[in-house]
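Last residue of the sequence shown: 464 in the working numbering, with the numbers rising by one and none dropped.
Note that CB positions come from ideal geometry on N, CA and C, so glycine has one too.
All remarks here apply to the structure that follows.
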Amino acid sequence: PPPSPPPPSPPPPSPPPPSPPPPSASLPHACCTDFHLINCPFMGLMCKNGDLDPYFEPDCTVVKEDVVKAMLARGVHPDIAEETTEANFNSTTCPKCPTNIDVRAMNTITTFMAPSPNDAPQEHMYSTGVRDPVIGGGAFNFGEFVCLASSVTSWTEPEVNCFFHIWDRRAPDLPNNPITTNDVDSDKLDLSLGVNASTGAPNCEPEQSGCPSQLGGSNLAFFHAIAPTNVISAGDYKDAWLNGIYPPDFLLRDPTSCTTTYDPMTGHGCQNCLAQVIPSQQHTAERYCNCIHQWQLNGSVLATILPYQAICPPLVASGRRLGTQRQLQGQAQAQAQAQAQACRLTADDLKESSSFDWNDYKKNGCPTLVGQEYNEPLTFSFLYGYKKPQPWQKKNSFGTYSRELTAEEQGRLTACVEGRLNCTGA
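Dropping the structure here:
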């Protein structure tokens with residue numbers, strides 16, 4: 039009989055099911071569709087990129103523990119994650135804060151000066167207005183213009199210090215600087231007591247010696263969270279603030295792609311990250327360390343993880359970006375005082391010279407510091423050098439300034455800003 043035909047070839051294996059799509063700005067969670075209403079830039083980043091999706095309650099609120107998990111999973115250092123959430127969720131640091139936060143409802147002060155309500159998100163004492171009440175590029179663009187010289191294309195700590203100092207005041211220093219905070223949390227501003235009755239935190243103008251700036255602490259914490267090398271390009275910083283886009287250097291250290299389910303028997307869920315460590319590429323080592331950090335292991339457990347001990351403590355010892363918000367606030371205060379001294383010296387030099395380097399002057403933050411620190415009145419044209427003064431449109435309904443105010447007008451304006459007069463319109 040003829041030979042039997044060969045059996046048919048087995049069908050090719052079915053392709054694996056497609057991976058779920060990564061979080062995309064085009065497919066936001068229902069709780070993140072109002073991205074423009076999210077005042078906190080890092081909450082905006084997490085919302086836009088899907089990091090909070092697993093943790094939203096039906097009413098679109100999140101709790102502190104889950105926000106910490108989301109931050110750590112992205113590679114934010116535990117100190118920054120813990121201290122920033124302590125300041126926003128109910129804790130001994132913030133007894134007025136709520137347990138659950140709707141990230142779209144963090145703008146709780148809708149007039150120029152008022153207390154943040156009890157059991158609601160607490161605003162900073164002062165605000166930049168970059169994302170408050172909604173995201174707008176105008177305020178950021180102005181800060182970028184003031185703090186980045188034309189030849190500077192990146193942000194570092196001095197530029198960030200310059201940025202928040204523009205708004206870190208409740209009254210304009212006219213005619214030199216008409217910019218003020220977007221709003222004031224009056225509960226955090228009590229010059230007579232010196233400290234907040236409920237938290238014990240200092241309450242004073244940030245320009246005063248020894249007064250920490252809450253706005254400065256939060257701005258520096260955000261900068262250090264997203265700029266692991268302590269420098270970030272102008273475009274990447276703007277995208278993080280306004281568009282919810284993580285910077286490339288941040289993503290290089292983000293352990294999300296190499297993290298698996300936690301299992302102490304197989305590398306604590308970080309074996310893939312460990313396998314990708316290349317000695318000549320430090321960001322790969324930082325990514326592995328960030329993977330381990332996300333599990334919030336105590337010191338006795340970390341001591342048993344030999345790869346961690348070999349890789350991560352040396353990075354910390356070398357000073358890699360690992361600082362707490364409290365340390366950052368202290369740095370901000372010291373740098374602000376140094377800037378003020380530099381501005382005073384610059385102003386002294388200007389009295390003896392008919393020209394100066396405008397870009398270096400504004401990079402030092404002097405447009406926002408000179409009026410507070412220099413004991414002689416400076417005209418607007420003097421402060422801004424050869425740049426023609428432009429009328430300033432105030433956001434706080436105090437009108438447009440195109441000339442120096444009279445003494446009477448200045449007195450009324452100060453009373454309005456300090457809340458001693460109920461002022462509307464011009």
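{"Check": "Boundaries (first-last residue) of the alpha helix (DSSP H) holding isoleucine 330", "Outcome": "320 to 331"}
{"Check": "Contact between the segment 260 to 270 and the segment 281 to 289 (3+ Cβ pairs under 8 Å)", "Outcome": "yes"}
{"Check": "Proximal residues to valine 172 (C-beta, below 7 Å), its chain only, five neighbours per side dropped", "Outcome": "His74 and Leu75"}
{"Check": "Cβ contact check for the segment 147 to 159 and the segment 65 to 72: 3 or more pairs under 8 Å", "Outcome": "no"}
{"Check": "One or two residues paired with asparagine 156 in a DSSP bridge", "Outcome": "Asparagine 156 is not bridged to any residue."}
{"Check": "Through-space distance from glutamate 124 to serine 256, alpha-carbon basis", "Outcome": "12 Å"}
{"Check": "Cβ-based burial, aspartate 292 [other Cβ within 10 Å; buried from 16]", "Outcome": "buried"}
{"Check": "Closest Cα partner of cysteine 308 within the set Gln319, Cys296, Arg207 and Ser188", "Outcome": "Cys296"}
{"Check": "Selection from Asp221, Met163 and Asn220 that minimises the alpha carbon distance to leucine 227", "Outcome": "Met163"}
{"Check": "Same chain, Cβ closer than 6 Å to aspartate 72, neighbours up to 5 away in sequence not counted", "Outcome": "Arg142"}
{"Check": "Local Cβ density within 10 Å of tyrosine 300, reported as buried at 16 or more and exposed below that", "Outcome": "exposed"}
{"Check": "Segment limits, alpha helix (DSSP H) that includes aspartate 140", "Outcome": "Segment 138 to 140 is the beta strand (DSSP E) holding aspartate 140; no alpha helix (DSSP H) there."}
{"Check": "Own chain partners of arginine 325 with C-beta closer than 6 Å, once the 5 adjacent residues on each side are dropped", "Outcome": "Arg291, Pro293 and Cys311"}
{"Check": "Cβ-based burial, glutamate 197 [other Cβ within 10 Å; buried from 16]", "Outcome": "buried"}
{"Check": "Best match in Ser224, Ala265 and Val339 for proximity to histidine 115 [C-alpha to C-alpha]", "Outcome": "Ala265"}
{"Check": "Same chain, Cβ closer than 6 Å to asparagine 138, five either side skipped, listed in chain order", "Outcome": "Thr99 and Val101"}
{"Check": "Check: aspartate 277 C-beta below 7 Å from any heavy atom of the ligand NAP", "Outcome": "Annotation note on the ligand NAP: not contained in the displayed structure, which lists no ligands."}
{"Check": "Whole alpha helix (DSSP H) elements within the segment 248 to 286, 4-residue minimum", "Outcome": "252 to 264 and 272 to 281"}
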